[in-house]
Amino acid sequence: MAAQEQHDEKYLKMTQTPIPKLIIQLGLPTIVSMLITSIYNMTDTYFVGTLGKSASGAIGIVFSLMAILQAFGFMFGHGAGSIISRRLGQHDRESATRFASTGFFLALAVGGIIGIAGLCFQTQFMYLLGSTDTILPYALDYAVCILLAAPFYTGSCVLNNILRYEGMAFYAMLGLVSGAVLNIILDPLCILVLHMGTMGAGVSTALSQIISFSILVSVFLRGKTDSRLRLRSLTKSWHDIWLIISTGLPSLIRQGLGSISVLLLNHQAGIYGDAAVAAMSIVGRISQFIFSVNIGIGQGYQPVASFNYGAKRYRRVRSGFWYAVLFSETALLLMAMGCLLFAPSLVRLFQKDAGVVEIGIPALRYQCISCLLLPISACGSMMFQSVGSSGTASLLASLRNGLFYIPLILLLPMGLGLTGIQLAQPFSDVLTFSVTLPLSLQFLRRLAKMDDHAQSLQTSTHAS
């Protein structure tokens, strides 16, 4: 009975709470998580940067590895989470448990496979990710720890997303923030005090992931969630597995192409030396910090979209989209203006090498300008994924770091040299916006018609 009352209370919260209040409630913990995660990423960049520009370049290489793990973790996490939220909107808790268990254990298995394969072929893997000969020793020291913690990394992504989609963003934040704060504390201890070099950054990151995983899984084990994690609840249906994968495919595409794009960026920048690799890595971390607000509020909108879509509250899906876009646009504008004004100081904060600073300043400014187009692009893709429109979501997810970015990062440097590398991502952002906007507007108009139809059916039922 207590579990049913908990479910009923959550249903009322997700379908009746005013949209601005609900998105802020769900998005604020995620924004905090994203900001602190970005801060700890920048902490890695700062302290590793004290070891030299080749060590700074290793951050960009290992970031590609972490993006691969995130890609599979988010695929199972977003796939299972979106389905779970819609099923809970339909009061189907048994299915929610089945999809939660299946997504979680699949992520653990895939993380383990990647970790073992990476440890067996470390050197080849680092070269594949764009390492140079001088960066390689630093990248190997960092990467071995990440590979050992790979199952915890992918598993945490699933747990975090299921909690968010169930409307429990605070618990998701608690797990991520605890790990991030631990990482921030351990970084200077391992790198500067214990003199472990880049391996110290890897050790602190791996330990933080294990702690984060432990906190997140404890929420499920203590019965705080509607869905449960049970080995006996693993699905026996290939259709269910495919439904998780197809729903989460946009996340795999988005994160996977993000990893490929960083790989290509490292290779292209490597032509101009370690300074260029380090500069673009630093710009990427700063940009990620700016964009984290957009991602956070977008992820706060996702459970609102999926739950209310399952409950046939289409108007709430629509109004939630515009609120998330407006909130993100305002926040990104303020942060982008600050980065435009203080770009030189920000780049020098992480690496004082003159070559790195010279390359990093214009790249950061270009990215600040184009990031103002990201709210529509990000929220549009998240909306389609949340309502189960995996085809459109997959298309949109493939644009920014794939279909547009890959040709640009390969072609622009041929004519513009280093400037082409700096402009590839901003140009890709413009093109992605131009495709996402009309598709989103078309779907939002369809939602309005679906809501009118649902309202008329409800009125007819009451009248009869």
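Numbered continuously in this note's numbering, the sequence shown closes out at residue 961.
Where is the CB? At the ideal position from N, CA and C, for every residue including glycine.
Rounded to the nearest angstrom, the Cβ distance from G755 to A564 is 5 Å, consistent with a contact under 8 Å. Using a Cβ distance threshold of 8 Å, I906 and G857 do not count as a contacting pair. By the neighbour-count definition (other C-beta atoms within 10 Å, threshold 16), F839 is an exposed residue.
Contact check for A890 against S878 passes: the beta carbons are separated by less than 8 Å. Under the three-state reduction of DSSP, H764 is assigned to helix.
The Cβ-Cβ distance between F804 and A698 does not fall below 8 Å. In the same chain as L941, and ignoring 5 residues on each side of it, the C-beta atoms closer than 7 Å to its own belong to R815 and F818, in chain order.
About 7 Å separates the Cβ atoms of G524 and Y798, confirming a contact at the 8 Å cut-off.
Between V801 and L509, the beta carbon gap of about 14 Å keeps them out of contact (Cβ cut-off 8 Å). For the options G852, Q752, V854 and F788, the alpha carbon positioned closest to that of Q864 is the one of F788. Relative to D771, the option among L633, G912 and M880 whose CA is nearest is L633.
Annotation for C687: no alpha helix (DSSP H) segment contains it, and DSSP assigns it neither H nor E. A direct Cα-to-Cα measurement between A597 and G570 gives close to 13 Å.
Close CB contacts of Q587 within its chain, under the 8 Å cut and outside five residues either way in sequence, are with G807 and A808 (chain order). Across the set G753, V774 and L944, the C-alpha of V774 shows the shortest separation from the C-alpha of A860. By the CB criterion at 8 Å, F901 and L893 fall outside the cutoff.
For K507, the CB contacts under 8 Å within the same chain, skipping 5 residues up- and downstream, are L585, E663, G664 and D723 in chain order.
The continuous alpha helix (DSSP H) containing R782 extends over residues D771 to G807. Note that the C-beta distance between G608 and Y635 is not below 8 Å.
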